[in-house]
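Residue numbers (this note's numbering): 2 to 304.
Backbone N, C-alpha and C fix where the C-beta goes; we use that ideal spot for every residue, glycine too.
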Ligand SMILES: [Zn+2]
């Protein structure tokens with residue numbers, strides 16, 4: 002870790018009682034003795050402030066392959082299914098929306114049911130989102146003045162794992178939700194089969210991820226403001242497991258990451274692979290029912 006590193010207390014309970022959990026290159030994960038939250042400490046300044054996502058991270062988030070993969074109709078199919086099963090209409094704010102792909106799919110598929118807006122700290126991906134017709138709010142979500150504007154739903158798709166102070170984001174979300182409003186959170190699952198098999202070799206244990214939730218810690222994280230009305234463990238990528246199992250415990254390059262995203266998207270869209278996909282879907286469901294799939298998602302209702 003370079004000199005410009007930020008020291009963190011536990012992002013869940015606020016205490017400073019962690020013990021070493023896992024080391025991968027310069028990334029140190031610790032586990033809180035009080036609440037068992039696993040988090041990176043210390044973290045590089047640029048990740049702590051979010052400036053990474055407005056600068057160094059841009060080439061990755063705006064690479065044609067990443068954008069194409071995000072905008073493919075299959076990319077958010079699980080999120081959309083979960084979303085639709087709890088919310089059929091309303092005003093939706095997507096926090097950490099990046100290029101706006103989730104909102105784009107939602108609006109394209111159900112144009113009359115939703116009004117949408119996305120927010121992100123990263124300017125260039127928001128330019129792209131706007132070019133696809135997704136309205137955006139620029140800048141820091143925490144300091145943004147919504148001036149009394151409220152929402153039926155706030156979503157955090159693969160965002161909480163990137164934030165130094167995820168609790169403040171959740172509190173802000175609760176503050177702009179209407180009574181009985183919904184919040185969706187999806188994060189990588191630190192108890193997944195992939196993590197159990199691969200440990201530090203797993204590609205998603207990497208510096209941009211600074212919070213590593215399990216079902217237990219995610220539940221604790223949300224309980225003061227929200228009731229959990231649904232829990233799902235979703236997504237499973239055997240290609241990632243296979244590749245990372247063979248690889249060395251090094252960071253996977255952005256180019257490689259994008260390449261695998263592209264291939265995975267192509268497989269998902271190939272009609273010839275239907276039988277394989279049925280088997281795959283069955284495996285995902287079994288893993289999900291045991292809480293072992295790659296991600297965990299909760300649907301929350303404001304208390
Ligand atoms: Zn803790």
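Span of the alpha helix (DSSP H) around residue i
{"i": "residue 286", "result": "275-290"}
{"i": "residue 166", "result": "No alpha helix (DSSP H) contains residue 166, which DSSP labels as neither H nor E."}
{"i": "residue 206", "result": "Here residue 206 belongs to no alpha helix (DSSP H), and DSSP marks it neither H nor E."}
{"i": "residue 70", "result": "65-72"}
{"i": "residue 222", "result": "216-223"}
{"i": "residue 264", "result": "255-270"}
{"i": "residue 60", "result": "59-62"}
{"i": "residue 124", "result": "124-132"}
{"i": "residue 52", "result": "52-55"}
{"i": "residue 76", "result": "Note, residue 76: premise wrong, no alpha helix (DSSP H); not H, not E."}
{"i": "residue 301", "result": "Taken as a continuous stretch (DSSP letters only), residue 301 belongs to no alpha helix (DSSP H), being part of the beta strand (DSSP E) at 296-303."}
{"i": "residue 245", "result": "239-247"}
Sequence-distant residues of its chain with Cβ nearer than 6 Å to residue i (five each side left out)
{"i": "residue 3", "result": "At residue 3, the pLDDT of 49 sits below 50, so the modelled position is not reliable; the number obtained from the coordinates is stated separately. Cβ within range, chain order: n/a, list empty."}
{"i": "residue 222", "result": "13"}
{"i": "residue 16", "result": "35"}
{"i": "residue 39", "result": "22, 30, 32, 191, 213"}
Residues near residue i by beta carbon distance below 8 Å, same chain, minus five either side
{"i": "residue 104", "result": "93, 95, 98, 117, 118, 119, 130, 135"}
{"i": "residue 255", "result": "60, 61, 64"}
{"i": "residue 141", "result": "51, 122"}
{"i": "residue 294", "result": "190, 193, 194, 234, 235, 236, 237, 285, 288"}
{"i": "residue 216", "result": "190, 192, 232, 234, 292, 297"}
{"i": "residue 246", "result": "198, 199, 202"}
{"i": "residue 147", "result": "177"}
N-terminal and C-terminal residue of the beta strand (DSSP E) that residue i is part of
{"i": "residue 188", "result": "178-189"}
{"i": "residue 1", "result": "Absent from the structure is residue 1, since the part of the chain shown begins at 2 and ends at 304."}
{"i": "residue 21", "result": "19-25"}
{"i": "residue 103", "result": "Per DSSP, residue 103 belongs to no beta strand (DSSP E); it is in the alpha helix (DSSP H), 102-110."}
{"i": "residue 152", "result": "152-158"}
{"i": "residue 233", "result": "227-235"}
{"i": "residue 41", "result": "39-41"}
Contact set for residue i: own chain, Cβ-Cβ below 7 Å, skip 5 residues either direction
{"i": "residue 67", "result": "61, 259, 262"}
{"i": "residue 178", "result": "151, 152, 155, 184, 303"}
{"i": "residue 8", "result": "42, 43"}
{"i": "residue 114", "result": "89, 90"}
{"i": "residue 46", "result": "5, 6, 7"}
Contact test: residue i Cβ vs ligand 2 heavy atom, cutoff 7 Å
{"i": "residue 115", "result": "Looking for ligand 2 in the displayed structure turns up nothing; the ligands present are ligand 1."}
Listed by chain order, which residues have C-beta atoms less than 6 Å from any heavy atom of ligand 1? Ordered along the chain, the selected set is 11, 13, 14, 16, 33, 35, 36, 38.
Open item on the list: Using a Cβ distance threshold of 8 Å, determine whether the stretch 188-204 contacts the stretch 169-178, with at least three qualifying pairs required.
Closed with: Note that the stretch 188-204 does not touch the stretch 169-178; fewer than 3 beta-carbon pairs, one per stretch, sit closer than 8 Å.
_Does the stretch 227-239 come into contact with the stretch 284-293, if we say contact requires no fewer than three beta-carbon pairs (one atom in each stretch) closer than 8 Å?_
Contact between the stretch 227-239 and the stretch 284-293 is present, with at least three C-beta pairs closer than 8 Å.
Exercise. For the stretch 84-92 against the stretch 239-246, are there 3 or more C-beta pairs whose distance is under 8 Å?
Worked result: In this structure the stretch 84-92 does not lie against the stretch 239-246, because fewer than three pairs of beta carbons, one per stretch, are closer than 8 Å.
TODO: Evaluate the contact criterion for the stretch 264-278 versus the stretch 199-214: three or more CB pairs, one atom per stretch, below 8 Å.
DONE: Because the criterion of three Cβ pairs below 8 Å is not met, the stretch 264-278 and the stretch 199-214 do not touch.
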